[in-house]
Amino acid sequence: GEMDAKMIRVDSEFSALAATWGAAASGVRSFTATSSHGLLYMHEMLWWVAGSRIPLVMAVATRTIGPPWNIWTDHSDIMDQRDTGWIIMMAEHNQEVLDTIIQLYRVTEDPRVFLPGIVGLDAFILTHTTEPVDVPEQYVVDSYLPERRQPYVMSIKEPITMGNIPSSLKDNMKMRWDIHTSMLRAKEVIEEADREWSKLTGRSYGGLIECYRCEDAKAYIVGMGAWVGDMREAVDMLRDEGYDFGLIKIRFIRPFPDDRIAKILGNSKLCLVFDRSVSAGSAGPLYLDLAAHMYRLGIRTHIINVLAGLTGLDVRSDEIAYVSRKLYEMIERGEEVKGIVWYFGGDELWL
Numbered sequence: 009g010e011m012d013a014k015m016i017r018v019d020s021e022f023s024a025l026a027a028t029w030g031a032a033a034s035g036v037r038s039f040t041a042t043s044s045h046g047l048l049y050m051h052e053m054l055w056w057v058a059g060s061r062i063p064l065v066m067a068v069a070t071r072t073i074g075p076p077w078n079i080w081t082d083h084s085d086i087m088d089q090r091d092t093g094w095i096i097m098m099a100e101h102n103q104e105v106l107d108t109i110i111q112l113y114r115v116t117e118d119p120r121v122f123l124p125g126i127v128g129l130d131a132f133i134l135t136h137t138t139e140p141v142d143v144p145e146q147y148v149v150d151s152y153l154p155e156r157r158q159p160y161v162m163s164i165k166e167p168i169t170m171g172n173i174p175s176s177l178k179d180n181m182k183m184r185w186d187i188h189t190s191m192l193r194a195k196e197v198i199e200e201a202d203r204e205w206s207k208l209t210g211r212s213y214g215g216l217i218e219c220y221r222c223e224d225a226k227a228y229i230v231g232m233g234a235w236v237g238d239m240r241e242a243v244d245m246l247r248d249e250g251y252d253f254g255l256i257k258i259r260f261i262r263p264f265p266d267d268r269i270a271k272i273l274g275n276s277k278l279c280l281v282f283d284r285s286v287s288a289g290s291a292g293p294l295y296l297d298l299a300a301h302m303y304r305l306g307i308r309t310h311i312i313n314v315l316a317g318l319t320g321l322d323v324r325s326d327e328i329a330y331v332s333r334k335l336y337e338m339i340e341r342g343e344e345v346k347g348i349v350w351y352f353g354g355d356e357l358w359l
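In this text, residue positions in the sequence shown follow the numbering used here: the first is 9, and each later residue adds one.
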């Protein structure tokens, strides 16, 4: 074959990540992929991989969690993994998927980070459609990725234990602190990785976030994943109608790009956070993260959570524009709008 690699066939998703973890721990660049219930089956292993500080990369085709059984996209599966210690990003299109997988090897293996990473892509919308992509030449990737580095290597020649009971609970807590601070340091590493990739390929995705028509915007649509493309079209429609909307595309959920978002929202009057999953009885997880960080950073813009597209329900660009226009006008008229609204398509907006 063209690649000096080995594929391991296993009995389950749990075993798949365990085997990938073992391969990575032995010093090999490793990769796996999963989706929905398979990711939930892996959930315990995600904690083990991050806690052992082993860099590896996994693709997640974001798909609705049952029951009832569902093969369409929403973000419930990937958002359930936010607290595990993995770097997590969501791609808009397949070129971004390909490029970010390569970038994440550089990010996760950086000594400032040493954490595993997930690239999320919307099920069926991206996974089951044909889209042309530019595959970089091998020499480009080789020049971009340094020799693999990791904190230690599992070897029968020099046996070590991993993940055993710590002698001090205080030291154990400090390990959690170190994962947290490494995740924060990953922000700079992600930005660097994007800039270096742009120099080699001409493709940049903005690092942690990407903005569209934000320069003079006073209201913002915030989203992540494939439907960001529809949001761009919605922003263009709204601009043509005289509404001063911009778009903030969230690329990385972890680490969360709080500082960069705060700089954009500082002088805004409205922020609509579109979530494709919900924490039942609370709100959408993207909204919860963003609202908490903006409050902590002193940003007091009106933030509204729009729950839409759950269970794979299609949301068109004109529908995103409809919801945004309606909420914008209600705020302008001084009407009370709850912080969370549900949109089921057409004119079915539950305020």
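All C-beta atoms, glycine included, are put in the ideal place defined by N, C-alpha and C. The structure presented is a predicted model; accordingly, all values stated were derived computationally and were not measured.
Mapping DSSP to helix, strand and coil, what is residue i?
i, result
"I348", "strand"
"N275", "coil"
"V121", "coil"
"D213", "Here residue 213 turns out to be Tyr, not Asp, going by the sequence shown. The answer is coil: DSSP assigns Y213 none of H, G, I, E or B."
"A225", "coil"
"G231", "strand"
"H136", "coil"
"K207", "helix"
"S163", "coil"
"G254", "strand"
"V143", "coil"
"W358", "strand"
What span of residues does the beta strand (DSSP E) with residue i cover, start to end?
i, result
"S34", "First-last for S34: undefined, no H or E at that position."
"R262", "260 to 262"
"M98", "95 to 98"
"M87", "No beta strand (DSSP E) holds M87; the alpha helix (DSSP H) holding it covers 84 to 87."
"S43", "39 to 43"
"L315", "310 to 315"
"T319", "Unbroken run through T319: none, as it is neither H nor E."
Which residues in the same chain as residue i place their Cβ atom closer than 6 Å to its Cβ, once the five residues preceding and following it in sequence are excluded?
i, result
"V57", "W29, P124"
"S212", "D202, S206"
"G292", "D283, V286, N313, L315"
"G35", "V161"
"L134", "N102, A234"
"M170", "S60"
List the endpoints of the continuous alpha helix (DSSP H) containing residue i.
i, result
"A329", "325 to 340"
"H301", "293 to 304"
"N102", "102 to 116"
"L246", "236 to 248"
Skipping 5 residues on each side, what residues in its chain have a beta carbon closer than 7 Å to that of residue i?
i, result
"D7", "Lying outside 9 to 359, the shown extent of the chain, residue 7 is not represented and no answer is given."
"N78", "T72, T319, G320"
"I62", "W29, A32, A33, P124, Q158"
"T108", "M97, A99, V127"
"D297", "F264"
"I217", "I256, K257, I258, R259, P265, R268, I269"
Does any CB atom of chain C fall closer than 7 Å to the CB of residue i?
i, result
"R221", "The chain labelled as chain C is not found in the depicted structure, where only one protein chain is given."
Excluding the 5 residues preceding and the 5 following residue i in the sequence, name in chain order all residues of the same chain whose CB lies nearer than 8 Å to its CB.
i, result
"L25", "T40, T42, M50, M53, L54, V57, M66"
"R120", "S190, R193, A194, E196, V197"
"T209", "D107, D142, P144, V148"
"L48", "I73, D85, D88"
"E139", "H101, N102, Q103"
"R324", "D238"
Taking residue i as the reference, which of the options has the closest Cα?
i, options, result
"E4", "D150, T116, G93, E337", "Residue 4 lies beyond the range of the chain shown here (9 to 359); nothing can be said about it."
"M191", "L153, F132, T116", "T116"
"I198", "S20, I110, K165", "I110"
"S84", "A288, D267, A270, D12", "A288"
"L106", "T81, V143, T92", "V143"
"M183", "E218, L359, G59, D326", "G59"
"S38", "R156, L48, R333, Y330", "R156"
Are the segment 94 to 102 and the segment 228 to 237 in contact at 8 Å, needing three or more beta carbon pairs?
yes
Is there contact between the segment 165 to 177 and the segment 237 to 247, where contact requires at least three CB pairs shorter than 8 Å?
no
Do the segment 261 to 276 and the segment 327 to 344 touch if we need at least three Cβ pairs shorter than 8 Å?
no
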